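Peer 1: Quick note on the UniProt record's numbering: the sequence shown kicks off at 1 and runs consecutively. Below you will find the structure I want to go over with you.
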Amino acid sequence: MARNLYSAFLELLPAKPLQIATVTAIDGDIAQLVLPGGGVLTARGVGQRAIGVEVFVRDGVIESDAPAGMPLVQVEI
Numbered sequence: 001m002a003r004n005l006y007s008a009f010l011e012l013l014p015a016k017p018l019q020i021a022t023v024t025a026i027d028g029d030i031a032q033l034v035l036p037g038g039g040v041l042t043a044r045g046v047g048q049r050a051i052g053v054e055v056f057v058r059d060g061v062i063e064s065d066a067p068a069g070m071p072l073v074q075v076e077i
């Protein structure tokens, strides 16, 4: 059976990680987020969220609110 080599290559790549971030600014449906390590990113899908709320974000899209007071665990590789 023939297999698409590009699809096989894509299967080798890791999935987009789910990250936790804090909303620092909102402009329409776009939010500026700060990651726990200090990185800044922009994501869409703000909805009814407010500044200061922690959210789960993956691939530039806010997926949901994160539980308040969630402990932070950092792993160095």
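Glycine included, each C-beta is placed from N, C-alpha and C at the ideal position. Given the structure is predicted, the values throughout are model-derived calculations rather than measurements.
Among residues of its own chain, excluding the 5 on either side of G60, which ones have a beta-carbon nearer than 6 Å to its beta-carbon?
Peer 2: Within the same chain, G60 has close Cβ partners A43.
Peer 1: So, at 7 Å on beta carbons, what are the nonlocal neighbours of residue 87 in its own chain, with the 5 sequence-adjacent residues on each side left out?
Peer 2: Outside the displayed span of the chain (1 to 77) sits residue 87, for which this structure offers no information.
Peer 1: What residue does the beta strand (DSSP E) around L25 start on, and which one ends it?
Peer 2: In the sequence under discussion, the amino acid at residue 25 is Ala, which differs from the Leu named in the question. Residues Q19 to D27.
Peer 1: I need the boundaries of the beta strand (DSSP E) containing A31, first residue and last residue.
Peer 2: I30 to V34
Peer 1: For A31, count neighbouring Cβ atoms within 10 angstroms of its own Cβ and tell me buried if that reaches 16, exposed if not.
Peer 2: buried
Peer 1: Are I62 and G45 close, meaning C-beta to C-beta below 7 Å?
Peer 2: Yes; because the gap between Cβ atoms is below 7 Å, this pair is in contact.
Peer 1: Name the DSSP beta bridge partners of R58, please?
Peer 2: V61
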